[in-house]
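Chemist: Let me give you the structure first, and then I'll get to my questions.
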Amino acid sequence: PPADALALLVGAPPALADTPLALDDGAVLPSLAPGLPSSLLTRRPDVIAAERELQATRANIGAARAAFFPRIALTSAIGSGSSALHDLLSSGAGVWSVIPNVTLPLVDGGRNRSNLALSHAQRDEALAQYEKTLQRAFRDVSDALAARHWLADQVAIERATLTSQAERARLAKLRYDSGATRFLEVLDAQRDLMNAEQQLVMTRRALLSSRVALYGALGGGEIDTGKTTAATAPLSTDSDNTP
784 PPADALALLV GAPPALADTP LALDDGAVLP SLAPGLPSSL LTRRPDVIAA
834 ERELQATRAN IGAARAAFFP RIALTSAIGS GSSALHDLLS SGAGVWSVIP
884 NVTLPLVDGG RNRSNLALSH AQRDEALAQY EKTLQRAFRD VSDALAARHW
934 LADQVAIERA TLTSQAERAR LAKLRYDSGA TRFLEVLDAQ RDLMNAEQQL
984 VMTRRALLSS RVALYGALGG GEIDTGKTTA ATAPLSTDSD NTP
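My numbering applies: residue 784 is where the sequence shown begins, and numbers increase by one.
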């Protein structure tokens, strides 16, 4: 039966698996620490892949990160996108506008002169892809933070609406019980209350989904910034020169 299959999947007995959750039950959306460092984005699979492609051209990854990877705080004190992130993405090319003028050294210094031009062309192509990947990474984080912040505000608004509709339904029932109104008013109030409940459930689900999107945009893994700031978070270069 579906209930047994669900119980097996979630590891809960059927009775518990079949128990409906109240509107305010379930996972609580954790607060987002301020000052999440941009170095978290180095964990993203697309950033890792772009750096591996750059390494394959024997370019120096440490120099690439120093030149192209903005070291900023991603989140503000209230958990929304930081002003530094907004400025980075709202200024057009922004920090990446200097890329065409940056000279990025090859690890081997281009010892084989016959292959030097080809090596530079391959490096420049990999750099262009690295640039696009970084821009997409920062944009993904900005979009996810904006969605999360907007949805959190929307949940608060819809909670207030739900409270108002619940009070309206209660008063309609009292008026009907006292003979002051028809039952149609009660039905209308209950319908609006149900609609408010459904809307809040959908928005809360979207808010939880936005947390998943933000988690992916940040590269996954544990996000603990209690002792880390954007200014101190390192951009690891332990294997920068590994071809």
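For glycine and all other residues, C-beta sits at the position ideal for the given N, C-alpha and C. The structure displayed is predicted, hence computed values, not measured ones.
1) Report all residues from its chain with a CB closer than 6 Å to the CB of Asp829; omit the five preceding and five following residues, and keep chain order.
2) How close, in whole Å, do the beta carbons of Leu823 and Leu970 come, if the pair is a contact with beta carbons under 8 Å?
3) Can you list, in chain order, the residues of its chain with a C-beta nearer than 8 Å to that of Val938? Leave out the 5 residues immediately preceding and following it.
4) Please classify Thr1025: is it buried, with 16 or more other beta-carbons within 10 angstroms of its beta-carbon, or exposed?
5) At what residues does the alpha helix (DSSP H) containing Pro828 begin and finish?
6) In the DSSP assignment, the alpha helix (DSSP H) including Gly999 goes from what residue to what residue?
7) When DSSP builds the beta bridges, which residues end up paired with Gly818?
8) Quick check on DSSP: helix, strand or coil for Thr946?
9) Determine, using beta-carbon pairs with one atom in the segment 861-873 and one in the segment 921-933, whether at least three such pairs fall under 8 Å.
10) Please work out which residues of its chain come closer than 6 Å, Cβ to Cβ, to Thr840, disregarding the five sequence neighbours upstream and downstream, and give them in chain order.
11) Could you round the C-beta distance between Ala816 and Thr858 to whole angstroms and report it? I think they count as a contact, below 8 Å.
12) Taking the alpha-carbon positions, what's the Leu976 to Ser961 distance?
13) Within 10 angstroms of the Cβ of Leu819, are there 16 or more other Cβ atoms? Answer buried if so, exposed if not.
14) Keeping to the same chain, check which residues put their C-beta closer than 8 Å to that of Ala847; ignore five residues upstream and five downstream.
15) Whose CA, out of Ala949, Arg994, Arg965, lies closest to the CA of Asn978?
16) Where Leu871 and Ala943 are concerned, what is the direct C-alpha to C-alpha distance, given to the nearest angstrom?
17) Name the DSSP bridge partner or partners of Thr825?
18) By the 10 Å Cβ neighbour count, where 16 or more other Cβ atoms means buried, how is Leu997 classified, buried or exposed?
19) Taking the alpha-carbon positions, what's the Ala972 to Ala955 distance?
20) With DSSP run on the structure shown, which of helix, strand or coil describes Ala850?
21) On the premise that Gly1003 lies in contact with Arg854, defined as a C-beta separation below 8 Å, what is that separation, rounded to the nearest angstrom?
22) Compute the Euclidean distance between the alpha carbons of Glu941 and Ala842, then round it to the nearest angstrom.
23) Let me confirm a value: Leu868 is counted as buried when at least 16 other C-beta atoms fall within 10 Å, else exposed. Which label applies?
24) Based on the DSSP output, what are the partners of Thr916 in its beta bridges?
Modeler: Let me spell this out:
1) Taking the first residue of the sequence shown as position 1, residue 829 is located at position 46. For Asp829, the CB contacts under 6 Å within the same chain, skipping 5 residues up- and downstream, are Thr916 in chain order.
2) Counting from 1 along the sequence shown, the entry for residue 823 is found at position 40. Counting from 1 along the sequence shown, the entry for residue 970 is found at position 187. Between Leu970 and Leu823 the Cβ distance is about 52 Å, and since that is not below 8 Å, they are no contact.
3) The residue you call residue 938 lines up with position 155 of the sequence shown. Short of 8 Å from the beta carbon of Val938, and not among the five residues preceding or following it, lie these beta carbons of its own chain, in chain order: Leu983, Thr986, Arg987, Leu990.
4) Looking up residue 1025 in the sequence shown gives position 242. For Thr1025, the pLDDT reaches just 41, beneath the cut-off of 50, and the residue's location in the model is therefore unreliable, leaving the point undetermined.
5) Here residue 828 refers to the residue found at position 45 of the sequence shown. Note, Pro828: alpha helix (DSSP H), 828-839.
6) Residue mapping note: residue 999 aligns to position 216 of the sequence shown, counting from 1. Run containing Gly999: 966-1000, per the alpha helix (DSSP H) assignment.
7) To locate residue 818, count along the sequence shown from 1; it is residue 35. Answer is none; Gly818 lacks a bridge partner.
8) The residue labelled residue 946 in the question sits at position 163 within the sequence shown. Thr946: helix per DSSP, three-state reduction.
9) Enough Cβ pairs lie closer than 8 Å, so yes.
10) Here residue 840 corresponds to residue number 57 of the sequence shown, with the count starting at 1. Once the five neighbours on either side are set aside, the close Cβ partners of Thr840 are Gln905, Arg906, Ala909.
11) Walking along the sequence shown from the start, residue 816 turns up at place 33. Walking along the sequence shown from the start, residue 858 turns up at place 75. Indeed they touch by this definition, with Cβ atoms about 7 Å apart.
12) Mapped onto the sequence shown, residue 976 falls at position 193. Mapped onto the sequence shown, residue 961 falls at position 178. Between the alpha carbons of Leu976 and Ser961 lies a distance of about 21 Å.
13) Against the sequence shown, residue 819 aligns to sequence position 36. With 16 or more other CB atoms across the displayed protein chains lying within 10 angstroms of its CB, Leu819 is buried.
14) Position 64 of the sequence shown, counted from the start, is the residue given in the question as residue 847. Contacts found: Glu834, Leu837, Leu887, Leu910, Tyr913.
15) To locate residue 978, count along the sequence shown from 1; it is residue 195. That would be Ala949, whose Cα lies nearest to the Cα of Asn978.
16) Here residue 871 refers to the residue found at position 88 of the sequence shown. Here residue 943 refers to the residue found at position 160 of the sequence shown. Leu871 and Ala943 have their C-alpha atoms roughly 35 Å apart.
17) The residue labelled residue 825 in the question sits at position 42 within the sequence shown. DSSP lists no partner for Thr825.
18) On the sequence shown, residue 997 is found 214 positions in, with the first residue counted as 1. By the neighbour-count definition (other C-beta atoms within 10 Å, threshold 16), Leu997 is a buried residue.
19) Here the question's residue 972 lines up with position 189 in the sequence shown. Here the question's residue 955 lines up with position 172 in the sequence shown. Looking at the backbone, the Cα of Ala972 and that of Ala955 are separated by about 7 Å.
20) As a working note, residue 850 is residue 67 in the sequence shown. When secondary structure is reduced to three states using DSSP, Ala850 falls in the helix class.
21) What you label residue 854 is simply residue 71 of the sequence shown in a count that begins at 1. What you label residue 1003 is simply residue 220 of the sequence shown in a count that begins at 1. In this structure, Arg854 and Gly1003 do not form a Cβ contact; the two beta carbons are roughly 20 Å apart against a cut-off of 8 Å.
22) On the sequence shown, position 158 is the one that residue 941 refers to. On the sequence shown, position 59 is the one that residue 842 refers to. Taking the straight line joining both Cα atoms gives about 52 Å.
23) Position 85 of the sequence shown, counting from 1, holds the residue named residue 868. That one is buried.
24) Start at 1 with the first residue of the sequence shown, and residue 916 comes out as number 133. Paired residues: none, contrary to the question.
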